[in-house]
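Protein chains in written order, with my numbering: chain R, 25 to 351; chain H, 25 to 351. Each residue gets a CB set at the ideal place from its N, CA and C atoms; glycine is no exception. Before any comments, here is the structure.
2 protein chains.
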Amino acid sequence: MKVPFETLKKEFKRVLLQLSFTEEKAELCAHTFAANSRDGVYSHGLNRFPAFVNTVREKQVDIHAEPKFLEKNGLIEIWDGEFGIGIHNASLAMNRAIELAKANGIGCVAMRHTNHWMRGGTYGWQAADAGCIGICFTNTMANMPPWGGKEPRLGNNPLIIAVPRAEGHLVLDMAMSQFSYGKLQDTDLKGMELPEYGGYDVEGNLTRNPSAIIESRRALPIGYWKGSGLSFMLDVLLTAITGGRSTAGIGSTVRESGVSQFFLCLYQSDMHHQLIEEIIQYTKSSAPVEPGGQILYPGENTLETRKENELHGISVNEKIWAEVLKM
Amino acid sequence: MKVPFETLKKEFKRVLLQLSFTEEKAELCAHTFAANSRDGVYSHGLNRFPAFVNTVREKQVDIHAEPKFLEKNGLIEIWDGEFGIGIHNASLAMNRAIELAKANGIGCVAMRHTNHWMRGGTYGWQAADAGCIGICFTNTMANMPPWGGKEPRLGNNPLIIAVPRAEGHLVLDMAMSQFSYGKLQDTDLKGMELPEYGGYDVEGNLTRNPSAIIESRRALPIGYWKGSGLSFMLDVLLTAITGGRSTAGIGSTVRESGVSQFFLCLYQSDMHHQLIEEIIQYTKSSAPVEPGGQILYPGENTLETRKENELHGISVNEKIWAEVLKM
């Protein structure tokens, strides 16, 4: 079943207004959830919406909170998210980083005590749409064991890097686990197996079964010890800069709340567009592994999916869609 | 055979002075090569020294060049490395980023037309020794296929993240390939196999044989499509900011020369030391996979090796050491 973007957005907004969101916050969040589905990130679009509504109903997210400016360390601004809506907070933080970058070439906003921003790529696209290079990352609850360990002690801490480009931004949006929990959920909903080992089951065996990994919270880090190290360092950076909750502070036994995030923008008038096209062409010129195969740049798939979904509507999980319509 | 740090350094310096290095550059480079071996990164210490000497003899590296300040994009300084000595250039660039960070909380130096910096971790330790968070990355010649492709079109573009800590800095130094070329060379010299698949042989088969991967230049990216995407984006960032050579510009058929590098420092008086210790303790508290196994933070091993090698001398490859003594 396919649903137009505007219908998805309208229904999300209706539900959020019922929950006493302000017009502005309802508009932003409804747009973001609908756009996530439109861009093919279903796990953080429609499929996540009912869980998000629950966090609001259970008052894990304070929908009335506004991020508060705390202090400036040189040119880095430190903000407190006041346990407000993750999407709203992250969108404000990235806007502020864009503003600072346009004034100083570089803009840096670190935020503590915020909540899940849903799809990290949203804020990469936001920076690139404003003509800025955008880099951002977040910590999460512990959902990945460190290299050499069996129990989850690291978050999968997504990292986003976006570079603006007229023909389609270059946007990398990657969790430090081989598969994001969103991807695990998507694959699980489709009743499929993962294309590579994605983690361990509760008994410690490597598995391609997404629900076994969701259960054990033992996702496999990308590149084994390397992804484990990178995830650790992103958490250290976030904590050293914000003084907020690390993955250790968030823990793994309670619901994720009060995460730390970092937003960096770079802006310069000349981003050497022609040289970037050269990189894309050179990368694509590698002979494909599969005959007729294509080599894609980060974000290329997103743009294709967006165009397709804008034209023909967005595929929805009918059960979840029916649930939203009844809210 | 074990050699004291000072002996290694003295011999390196003697050779470099013979090659007409200035006293200052000979001191810095000799120290860096010796320190790389001392810290266990033998591939970019003694084992790399003869190849470095060749690049100087063949005038690929201009030992008389000094990096030139080009322009300021807001707070980002753009420098030209003038095809000088990679170690010298990177050390100057990181020093400048440290200086800027101490003044503004953040310091950002991008450099084009520089040369191989040897071990990237060197500059992470440099920033952390100065009390700064240091992040830096470089591009390289094409030595890794993009995901979906067979021919190398990406560099393995090492990324370094360092956070200062009194008890031992946290320093991640990772190439985007599952094994760095340094690690492949080390393993090859020892006549060993890799612990995991590291890439493809010239016929396109996955292999644990390091020399087969050095030959094919088809290293496996960490996390498959993810490391491929991250490597691509680091190259795009470097090129967009510096306007210098991308991996496409460096190419794969000639010797690597004129790479682009980025140095970012953050400084604030309070880095929330106690919260960082909490992260370390929490991470280490994961039950080990192997009974009695230990979970290490990035940089922990380096510090152990350094202490050990300072106490008992540095293990050297006798053939390479004899070669240096005869130079």
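At a beta-carbon threshold of 7 Å, none of the residues of chain R lie near Arg120 of chain H; the nearest stands roughly 15 Å away. In this structure, DSSP gives Ala346 of chain R a helical state, which the three-state scheme calls helix. Judged by their CB atoms, Ile130 of chain H and Ile109 of chain H are not nearer to each other than the 8 Å cut-off. Under the three-pair Cβ rule at 8 Å, the segment 149-163 of chain H counts as touching the segment 249-267 of chain H.
Straight-line measurement puts the Cα of Leu124 of chain R at about 44 Å from the Cα of Lys343 of chain R. Contact between Gly145 of chain H and Val195 of chain H holds: CB atoms are separated by about 6 Å, below the 8 Å threshold. At a cut-off of 8 Å, the C-beta of Met142 of chain R has no neighbouring C-beta in chain H.
When the Cα atoms are used, Ser310 of chain H and Pro176 of chain R turn out to be separated by approximately 7 Å. Remark: C-beta atoms of Met135 of chain R and Ala117 of chain R approach each other more closely than 8 Å. With respect to Tyr306 of chain H, Ala127 of chain R sits apart: the two C-beta atoms are not nearer than 8 Å.
Take Glu347 of chain R, set aside five residues on each side of it, and the residues of its chain with a beta-carbon closer than 8 Å to its own are Pro74, in chain order. Interface annotation, Val260 of chain R: in contact with chain H, CB-CB separation under 8 Å. Annotation for Asn333 of chain H: the continuous alpha helix (DSSP H) segment containing it runs Glu324 to His336. Annotation: Cβ neighbours of Gly317 of chain H in chain R (cutoff 7 Å, chain order): Gly172. Val226 of chain H counts as exposed, since fewer than 16 other C-beta atoms from the protein chains shown sit within 10 angstroms of its C-beta. If you check the CB distance, Glu217 of chain R and Asn229 of chain R do not come in under 8 Å.
The C-beta distance from Gly192 of chain R to Tyr291 of chain R rounds to 19 Å, too long to meet the 8 Å contact threshold. Asn97: these are the residues of the segment 75-97 of chain H whose beta carbon lies less than 7 Å from some beta carbon of chain R, given in chain order. Close partners of Gln202 of chain R in chain H (Cβ separation under 7 Å): Gly247. Under the Cβ criterion of 8 Å, Asn128 of chain R is counted among the residues facing chain H.
Around the Cβ of Pro182 of chain R, a 10 Å sphere holds 16 or more other Cβ atoms; the residue is buried. In the three-state DSSP reduction, Pro312 of chain R falls in the strand class (E or B).
R:Asn113 is the residue among R:Ser235, R:Leu327 and R:Asn113 whose C-alpha sits nearest the C-alpha of Lys49 of chain R. Annotation: Lys83 of chain R is outside any beta strand (DSSP E) and is labelled neither H nor E by DSSP. The beta carbon of Pro322 of chain R sits closer than 8 Å to some beta carbon of chain H. Gly98 of chain H places its beta carbon 8 Å or farther from that of His137 of chain H. Under a 10 Å Cβ-count criterion, Arg189 of chain R is classified as buried, with 16 or more other Cβ atoms of the shown protein chains found around its own Cβ. Against chain R, the CB of Tyr306 of chain H has a partner CB under 8 Å away; the residue lies at that interface. Counting every other CB atom within 10 Å of its CB across the protein chains shown gives His68 of chain R a total of 16 or more, marking it as buried.
Annotated as distal: Ile338 of chain H and Pro170 of chain R, with beta-carbon spacing of 8 Å or more. Glu82 of chain H and Glu280 of chain R have their C-alpha atoms some 57 Å from each other.
The beta-bridge partner set that DSSP reports for Ile102 of chain R consists of R:Glu95 and R:Ala134. Looking at the DSSP output, Tyr224 of chain R bridges to R:Leu230.
Between the alpha carbons of Gly222 of chain H and Gln298 of chain H lies a gap of roughly 38 Å. Chain order gives no chain R residues near Thr326 of chain H, where near means a beta carbon separation below 9 Å; the closest approach is about 12 Å. Straight across, the Cα-Cα distance linking Val283 of chain H with Thr56 of chain R is about 39 Å.
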